[in-house]
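Asker: I'd like to ask some things about the structure below.
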Amino acid sequence: MLDLVAAAPRSARPGDELVSKLQTICGRENVFSEPEDLLVFEYDAGFDRHPPSAVVVPGTAEEVAEVVRAAREAGLPVVPRGAGTGLSGGTVACGGAIVVATSRLRRILDIDVEGRAALVEPGVVNGHLNDAARRSGLFFAPDPASQRCSTIGGNIGTNAGGPHALRYGSVVDHVLGVEMVLADGTIASFGGRAPDLPGYDAVPLIVGSEGTLGIVTKAWVRLLPLPEDVRTALALFRDVETGARAASAIIGAGIVPAAMEMLDRTTMQALNAAFDAHLPDDAGSLLLVEVEGQAEDCADEIGRIAAICSAEGGSGLRVAADAAERELLWKARKLGYPALARIKPNNYLHDAVVPRTKLPAVLRAVNEIAQRYGYVTANMFHIGDGNLHPILLFDARTEPIERVMEASAEILKVAIAAGGTLSGEHGIGLEKNEFMRWVFTEDDLGAMRRARDAFDPDGVMNPGKIMPGGGACDDIPTERIKRGLAEGMWV
Ligand SMILES: Cc1cc2nc3c(=O)[nH]c(=O)nc-3n(C[C@H](O)[C@H](O)[C@H](O)COP(=O)(O)OP(=O)(O)OC[C@H]3O[C@@H](n4cnc5c(N)ncnc54)[C@H](O)[C@@H]3O)c2cc1C
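Residue numbers (the working numbering): 128 to 618.
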């Protein structure tokens with residue numbers, strides 16, 4: 128059985144000359160190179176791990192640029208890192224990279240209330256930007272469930288989504304421009320405040336590029352006015368299929384909720400066990416629907432949603448009377464993930480997207496796969512946009528990771544066969560790079576590689592991520608297992 132910690136490769140320590148150069152650039156206290164200091168930078172919230180050669184925490188874009196030049200001279204790649212909450216191994220330091228952590232780049236430089244935009248450094252936490260924007264009646268719409276700790280740089284890196292992506296889109300719809308340190312250590316800007324900038328619009332290419340094109344050092348992001356009213360409703364259904372039918376009927380009726388989330392029976396039972404949530408044990412699914420806008424429209428829409436849920440067999444309908452009750456309804460969704468740790472200590476959280484109409488069939492297939500492999504599975508997901516999050520629960524101390532990865536590859540295959548794709552919001556990183564061949568042709572991948580090469584011809588920035596092959600991460604055992612699975616299960 129593969130022991131992930133024991134199997135993680137060890138990086139050679141960087142030479143004293145490089146360490147002292149990095150210390151000169153960023154300050155002695157902002158450079159880490161002792162093995163015990165590097166341990167927590169080996170991994171993110173995913174599975175893969177590899178120690179960096181060193182971790183630096185620069186305080187300015189100029190320092191980031193100097194670090195990139197120093198790494199280049201030493202022949203080492205560079206990996207940008209925000210809060211490390213990524214779920215696809217995007218911050219794993221393949222090739223003994225130098226990790227550039229953005230935790231000191233955390234200033235909100237401007238909130239332009241009239242222009243409804245903010246200029247921020249990449250280490251600003253999403254929730255902190257929102258707290259600041261709310262004081263001016265504005266908000267930053269992308270709301271990953273990790274928003275209390277994940278950073279704007281990481282959100283840009285992964286093109287993060289969240290419950291409200293159904294109405295507002297994901298991060299790519301909210302970034303106006305970025306300043307970025309490129310692989311040669313120069314600083315370039317793309318996009319900006321002015322509408323219709325001339326030249327190529329590189330911003331949508333940079334958002335979601337997972338640190339493979341450069342290190343974002345500043346970002347102009349769009350802020351939206353807070354809605355006049357928000358209404359939230361919760362309904363229970365006998366199973367996932369009936370809940371999914373109600374969700375489709377809501378969209379079919381021409382309502383676009385701000386968010387529409389589903390929890391399955393396993394998750395509800397875990398919530399009851401962990402947090403005394405008082406959810407009925409016999410319900411098969413819980414649908415949480417939120418609408419935002421003018422008060423009159425919200426009242427009308429929430430009434431129609433309640434009627435649709437009843438017509439589709441929903442029960443236990445509850446509409447939050449005020450903000451405090453709304454918070455309480457969302458608590459069930461937000462605490463679902465930690466509650467699952469009551470069942471098993473480890474989990475593999477998936478992120479495939481499928482057409483909403485295919486959800487019931489795909490969920491059935493996911494549960495069949497999990498059962499065949501002997502795993503408990505929980506589902507807690509953004510049903511409105513078909514972003515599935517099946518979670519395989521297991522105990523890494525006694526259950527082999529290889530089998531979890533095999534079951535996971537089967538789940539991905541089912542989602543793709545249903546017309547879906549590999550990732551809705553978590554990114555490809557290391558976790559799914561080999562499976563890119565399942566959804567793109569060699570010509571597609573070749574065009575993507577050439578786009579990447581235009582920014583980084585020598586593969587200095589976050590090597591081994593997104594694109595299959597390449598060899599940069601070959602010493603990571605899980606990488607080899609995935610490659611075998613991707614080849615063995617070719618669709
Ligand atoms: C409990 C939990 C819930 C989550 N819920 C959601 C959710 O609802 N929606 C969602 O989309 N994700 C979710 N995630 C995943 C994760 O939080 C997001 O992917 C988030 O955007 C990562 O931000 P981070 O600051 O932790 O970035 P990191 O994990 O540090 O980095 C993520 C990627 O971005 C790159 N990167 C980081 N900073 C920069 C930079 N300055 N310039 C260029 N590239 C950079 C990294 O190299 C890496 O490839 C969740 C994770 C957890 C643990």
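Beta carbons: idealized from backbone N, C-alpha and C, even for Gly.
Any heavy atom of ligand 1 closer than 8 Å to the beta-carbon of residue 464?
Answerer: yes
Asker: Going residue by residue through the stretch 378-464, where are the continuous alpha helix (DSSP H) segments of at least 4 residues, counting only ones entirely within it?
Answerer: 392-402 and 422-438
Asker: Helix, strand or coil: how does DSSP classify residue 473 here?
Answerer: strand
Asker: Take residue 284 and list the residues in its own chain whose beta-carbon comes closer than 6 Å to its own, dropping the five residues that flank it on each side.
Answerer: 337 and 338
Asker: At a threshold of 8 Å, does residue 223 count as lining ligand 1 (C-beta to nearest heavy atom)?
Answerer: Ligand 1 has no heavy atom closer than 8 Å to the beta-carbon of residue 223.
Asker: So does residue 171 have its beta carbon nearer than 8 Å to some heavy atom of ligand 1?
Answerer: yes
Asker: DSSP state of residue 538, grouped into three classes?
Answerer: helix
Asker: Give the DSSP-derived three-state secondary structure of residue 567 in the structure shown.
Answerer: coil
Asker: With three or more beta-carbon pairs closer than 8 Å as the criterion, would you say the stretch 389-399 touches the stretch 341-355?
Answerer: no
Asker: Of the residues 173, 223 and 304, which one's Cα is nearest the Cα of residue 213?
Answerer: 173
Asker: Report whether the distance from the Cβ of residue 214 to the nearest heavy atom of ligand 1 is below 8 Å.
Answerer: yes
Asker: Whole-angstrom Cβ separation of residue 590 and residue 221, contact assumed at under 8 Å?
Answerer: 5 Å
Asker: Between which two residues does the alpha helix (DSSP H) containing residue 304 stretch?
Answerer: Where residue 304 is concerned, there is no enclosing alpha helix (DSSP H), although the beta strand (DSSP E) it sits in stretches over 302-308.
Asker: Say yes only if the C-beta of residue 208 is nearer than 8 Å to one or more non-hydrogen atoms of ligand 1, and no if none qualify.
Answerer: yes
Asker: Quick one: which unbroken alpha helix (DSSP H) runs of 4-plus residues sit fully inside the stretch 308-389? Chain order, please.
Answerer: As far as the stretch 308-389 is concerned, its whole alpha helix (DSSP H) runs of at least 4 residues are 330-333 and 367-379.
Asker: Ligand 1 and residue 277: does the residue's C-beta get closer than 8 Å to at least one heavy atom of that ligand?
Answerer: yes
Asker: Smallest Cα separation from residue 199: which of 606, 584, 611 and 613?
Answerer: 584
Asker: Which one or two residues does DSSP pair with residue 208 in a beta bridge?
Answerer: 228
Asker: Which residue or residues does DSSP assign as beta-bridge partners of residue 504?
Answerer: Answer is 519, bridged to residue 504.
Asker: Touch check for the stretch 488-502 and the stretch 538-545: three-plus C-beta pairs under 8 Å?
Answerer: yes
Asker: To which residues does DSSP link residue 182 through a beta bridge?
Answerer: 159 and 226
Asker: Could you compute how far the alpha carbon of residue 410 sits from the alpha carbon of residue 442?
Answerer: Residue 442 has its alpha-carbon roughly 9 Å from the corresponding atom of residue 410.
Asker: In whole angstroms, give me the CA-to-CA distance for residue 306 and residue 440.
Answerer: 51 Å
Asker: Throw me the rounded Cβ distance for the residue 178 and residue 231 pair, which I believe falls under 8 Å.
Answerer: Wrong, their Cβ atoms sit about 22 Å apart, outside the cutoff.
Asker: Give me, in chain order, the residues of the same chain whose beta-carbon lies closer than 7 Å to that of residue 176; leave out the 5 immediate sequence neighbours on both sides.
Answerer: 131, 135, 169, 170 and 219
Asker: Of all the options 270, 262, 616 and 244, which has the alpha carbon lying nearest to the alpha carbon of residue 254?
Answerer: Closest in C-alpha terms to residue 254, from the list 270, 262, 616 and 244, comes 270.
Asker: From the DSSP output, which residues share a beta bridge with residue 164?
Answerer: Paired residue(s): none; residue 164 is not in a bridge.
Asker: Hey, could you find the ends of the beta strand (DSSP E) residue 236 is sitting in?
Answerer: 235-239
Asker: Using the DSSP secondary-structure output, state which residues sit across from residue 246 in a beta bridge.
Answerer: In the DSSP output, where bridge partners are listed per residue, residue 246 has 237 and 347.
Asker: Which of the three DSSP states, helix, strand or coil, is assigned to residue 203?
Answerer: coil
Asker: What residue does the alpha helix (DSSP H) around residue 609 start on, and which one ends it?
Answerer: 604-615
Asker: Pull up the DSSP beta-bridge partners for residue 267, would you.
Answerer: Per DSSP, residue 267 has no beta bridge partner at all.
Asker: From this set, 545, 560 and 472, which residue's C-alpha is nearest residue 525's C-alpha?
Answerer: 472
Asker: May I ask you to check if the CB of residue 480 is nearer than 8 Å to at least one heavy atom of ligand 1?
Answerer: no
Asker: Excluding the 5 residues preceding and the 5 following residue 602 in the sequence, name in chain order all residues of the same chain whose CB lies nearer than 8 Å to its CB.
Answerer: The beta carbon of residue 602 sits closer than 8 Å to those of 136 and 177, all from its chain and outside the five residues before and after it, given in chain order.
Asker: Leaving out five residues before and five after residue 425 in sequence, what residues of the same chain have Cβ atoms less than 6 Å from its Cβ?
Answerer: Excluding positions up to five away in sequence, the list reads 356, 358 and 418.
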